[in-house]
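To convert, note that position 560 of the sequence shown is 560 in UniProt numbering; the numbers rise steadily by one, no gaps. Quick notes on the structure that follows.
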Amino acid sequence: MPMKKRIMILAIFCFFLSFGQSRKGQFQLQKNSNSHSLYVAFSKNSNAVADIVGYTLSKNPEFKEFVTRNGISFVNDLGFSDKKLNEMKADSRNNRKSEESVDKLRRIFKVESAVQNNDDILKLAENLEKFSEIEYASLLSNEPIEPPATAAFVITPDLEASQTYLFANPGINVNYAWSRGITGQNVRVRDVEYGFHKTHEMLVDRNAIQLESGVGINAQLTNPSSSYYSWLDHGTAVMSIMGSGKDNIGLSGSAYNVPEMKGFLEWTTSSYNRVAAVTRSINASQAGDIILYEMQTGGQNSNYVPAEYDNLIWDLTKAATDSGIIIIAAAGNGNENLDATFYSSYNARGNSGAIIVGAGSNTTAHFKLSFSTYGTRVDVQGWGQNVLAAGYGSWATYDGDINRKYTLFSGTSSATPIVASAAILIQSYYRQVTGQFLSPAAMKNLLVNTGIPQGGNLATKIGPLPNIQAAIEFLDNSGTLSTRNATLTPLKVEIYPNPATNYISVRSSDSKNIDFEIINMAGQSILKSSSSSDEKLNISDLQKGTYIISATDGQRRVVEKFIKQ
Numbered sequence: 001m002p003m004k005k006r007i008m009i010l011a012i013f014c015f016f017l018s019f020g021q022s023r024k025g026q027f028q029l030q031k032n033s034n035s036h037s038l039y040v041a042f043s044k045n046s047n048a049v050a051d052i053v054g055y056t057l058s059k060n061p062e063f064k065e066f067v068t069r070n071g072i073s074f075v076n077d078l079g080f081s082d083k084k085l086n087e088m089k090a091d092s093r094n095n096r097k098s099e100e101s102v103d104k105l106r107r108i109f110k111v112e113s114a115v116q117n118n119d120d121i122l123k124l125a126e127n128l129e130k131f132s133e134i135e136y137a138s139l140l141s142n143e144p145i146e147p148p149a150t151a152a153f154v155i156t157p158d159l160e161a162s163q164t165y166l167f168a169n170p171g172i173n174v175n176y177a178w179s180r181g182i183t184g185q186n187v188r189v190r191d192v193e194y195g196f197h198k199t200h201e202m203l204v205d206r207n208a209i210q211l212e213s214g215v216g217i218n219a220q221l222t223n224p225s226s227s228y229y230s231w232l233d234h235g236t237a238v239m240s241i242m243g244s245g246k247d248n249i250g251l252s253g254s255a256y257n258v259p260e261m262k263g264f265l266e267w268t269t270s271s272y273n274r275v276a277a278v279t280r281s282i283n284a285s286q287a288g289d290i291i292l293y294e295m296q297t298g299g300q301n302s303n304y305v306p307a308e309y310d311n312l313i314w315d316l317t318k319a320a321t322d323s324g325i326i327i328i329a330a331a332g333n334g335n336e337n338l339d340a341t342f343y344s345s346y347n348a349r350g351n352s353g354a355i356i357v358g359a360g361s362n363t364t365a366h367f368k369l370s371f372s373t374y375g376t377r378v379d380v381q382g383w384g385q386n387v388l389a390a391g392y393g394s395w396a397t398y399d400g401d402i403n404r405k406y407t408l409f410s411g412t413s414s415a416t417p418i419v420a421s422a423a424i425l426i427q428s429y430y431r432q433v434t435g436q437f438l439s440p441a442a443m444k445n446l447l448v449n450t451g452i453p454q455g456g457n458l459a460t461k462i463g464p465l466p467n468i469q470a471a472i473e474f475l476d477n478s479g480t481l482s483t484r485n486a487t488l489t490p491l492k493v494e495i496y497p498n499p500a501t502n503y504i505s506v507r508s509s510d511s512k513n514i515d516f517e518i519i520n521m522a523g524q525s526i527l528k529s530s531s532s533s534d535e536k537l538n539i540s541d542l543q544k545g546t547y548i549i550s551a552t553d554g555q556r557r558v559v560e561k562f563i564k565q
């Protein structure tokens, strides 16, 4: 055989080998955690048998002796029913994905033994991985891991004008979706983290926003004197960005008509268990739904990276995305380079299908923020700073009421719901028009290919910022939409003169009456009016400055700025 041909065959072999290499040796203890659970995935050879553990023990006497000597039992406690797994396998086939990612969930077991302390459980994991019957071991913290954030009666004013991420570049242009009547209809959302303050004024009356049933929030999270109390503010901020109402009080949620937005709890009244929370969120989801991972985990030197760096979370994620569930996950606040040699085994697994989100600036430069984890695996960015959201109170607390606190949210924590907002609205539009849902891969490609490019040092890749208008217009023009009139055309308004002194006229694209509202930059409503197109509005009493004008016909909505001279 000619030398060149042998080299080429060897190169091809090595390429495929790199994607099938061992997943062993990728576990570690989480910093500041004194307790861990050990899971193992049995090898693919046991797929065809009902009793995976019994079959494996019978095939290798040495493995059986090790298990007996160490008092080990294996418990399949992920919580997936056969019915759910079969549904996911069917969805995987429909998405032209292998069923293996779902089959693997049957082969993942929790290791029960007398071993409790960290050193011993680490050694047990190492010894189990020495057997060929074990594909990998995984150590999950039993203690909470920090979420990826950085932190007379007066009616709360309308704060939408300060939610600048809703506008066009440097924002994601939520307003464009609203102008076409796209507000999150027909899309279900799940958020996996610690929960949220349902009593906050932005969430209390939102029937679509609920905590999962059957479990409760751990008492340490609800105790104001606990160091963990602010972690519920984290979830409150995330939910408020996406799901707040649209009622001229406080925030406007980007997807305020989502039919269901549910929180799944890592830390319940019984225990801290990230695996169980992820499993329950997948169990409660189906193709087309969107799950947020507002989580991170320790990577090299315990610096924070995506939660899926853990083998078991990766497998759960892959099974979910193969079955059509979109997962949007924080990259983590560790400033880690996922292309570094340390992460080669992580990258060799392939792509889990999750959309990994880095943290970028809130300017048109869209550069990586210093703390954001980055690399080829990071797909897109969201704002990692200055995101007005509910909770914490660092921005404002009205009347000293803990349920009326607001903050400038940050981190890959704020970036993730920004990206999720774009995905929800795009999915909502696609569903309205086609009756179908975009697949995880199609959504990822759309967000990346139509996004606003990253600026700054491109060697520290976090990807583009989603651009909702560009994504929707791409779908409009790509020929993939089967029903053109299933959604409304944009409502367009023109304000003139602009700048103006005493009067402005608002010309709309429709002849019917339009409701107008003028809002100052502090979010306060100054003037409301209902008028026909080209009717003059008296603004002579307004102080000089910049204002927002909101126009709606009851279904569609558009927001523009004008200057009063």
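Each residue gets a CB set at the ideal place from its N, CA and C atoms; glycine is no exception. Bear in mind the structure is a predicted one, so any value in this text is a computation, not a measurement.
So, helix, strand or coil for residue i, using DSSP?
i, result
"L78", "coil"
"M202", "coil"
"T546", "strand"
"I504", "strand"
"N347", "helix"
"R404", "helix"
"Q469", "helix"
"V174", "helix"
"Y55", "helix"
"K564", "strand"
"I291", "strand"
"K528", "strand"
"Y398", "helix"
"T487", "Unreliable positioning characterises T487 in this predicted model, as indicated by a pLDDT of 47, which lies under 50. A coordinate reading is not provided."
Pop quiz: residue i and residue j are said to be a contact at Cβ under 8 Å. What is the actual Cβ separation, rounded to whole angstroms?
i, j, result
"L251", "L408", "At roughly 12 Å, the Cβ-Cβ gap does not stay under 8 Å, so L251 and L408 are not in contact."
"N337", "Y374", "6 Å"
"V192", "A277", "5 Å"
"S254", "S421", "4 Å"
"M88", "S323", "4 Å"
"N283", "F80", "6 Å"
"L57", "V67", "7 Å"
"S179", "S43", "That belief does not hold up - the Cβ atoms of S179 and S43 are roughly 54 Å apart, past 8 Å."
"I514", "S525", "Incorrect: roughly 16 Å between the Cβ atoms, too far for contact."
"D339", "K444", "Incorrect: roughly 18 Å between the Cβ atoms, too far for contact."
"G400", "N333", "With a Cβ gap of about 30 Å, G400 and N333 do not count as contacting."
Taking just the CA atoms, how far does residue j sit from residue i?
i, j, result
"A331", "S414", "11 Å"
"S35", "D476", "52 Å"
"residue 566", "A177", "Since the first residue shown for the chain is 1 and the last is 565, residue 566 is missing from the structure and cannot be characterised."
"D119", "E112", "16 Å"
"K83", "A50", "15 Å"
"E146", "Y229", "12 Å"
"A137", "F264", "25 Å"
"H234", "N403", "14 Å"
"N301", "I291", "28 Å"
"W267", "G463", "32 Å"
"A442", "R274", "28 Å"
"T199", "V215", "18 Å"
"K31", "N347", "23 Å"
"D541", "A390", "32 Å"
"L537", "P497", "11 Å"
"S478", "Y55", "51 Å"
"G71", "G298", "29 Å"
"F167", "Q286", "31 Å"
"I519", "Y547", "6 Å"
"N186", "N207", "15 Å"
"S37", "D310", "13 Å"
"M3", "E100", "Below a pLDDT of 50, predicted positions are generally treated as unreliable, and M3, at 42, falls in that range; no measurement from the model is reported."
"E143", "Q220", "12 Å"
"T434", "I426", "12 Å"
List the endpoints of the continuous alpha helix (DSSP H) containing residue i.
i, result
"A420", "G411 to T434"
"K64", "P61 to R69"
"A319", "N311 to D322"
"N445", "P440 to N449"
"N283", "R274 to N283"
Would you give the residue range spanned by the beta strand (DSSP E) that residue i belongs to?
i, result
"Y304", "Y304 to P306"
"E126", "Taken as a continuous stretch (DSSP letters only), E126 belongs to no beta strand (DSSP E), being part of the alpha helix (DSSP H) at N118 to L128."
"R188", "R188 to E193"
"H36", "H36 to F42"
Counting pairs of beta carbons, one from the region 357-367 and one from the region 209-226, are three or more of them closer than 8 Å?
-> Taking 8 Å as the limit for Cβ pairs, the verdict is that the region 209-226 does not touch the region 357-367.
Could you say if the region 431-442 and the region 456-474 meet the contact criterion of at least three C-beta pairs nearer than 8 Å?
-> Look at the beta carbons and you see the region 431-442 not touching the region 456-474: under three pairs across the two are nearer than 8 Å.
Are there three or more Cβ pairs, one per stretch, closer than 8 Å when the region 415-427 is compared with the region 375-389?
-> Segments in contact, yes.
Specify whether the region 308-323 and the region 280-295 touch according to this definition: at least 3 beta carbon pairs, one from each stretch, less than 8 Å apart.
-> Yes, the region 308-323 touches the region 280-295.
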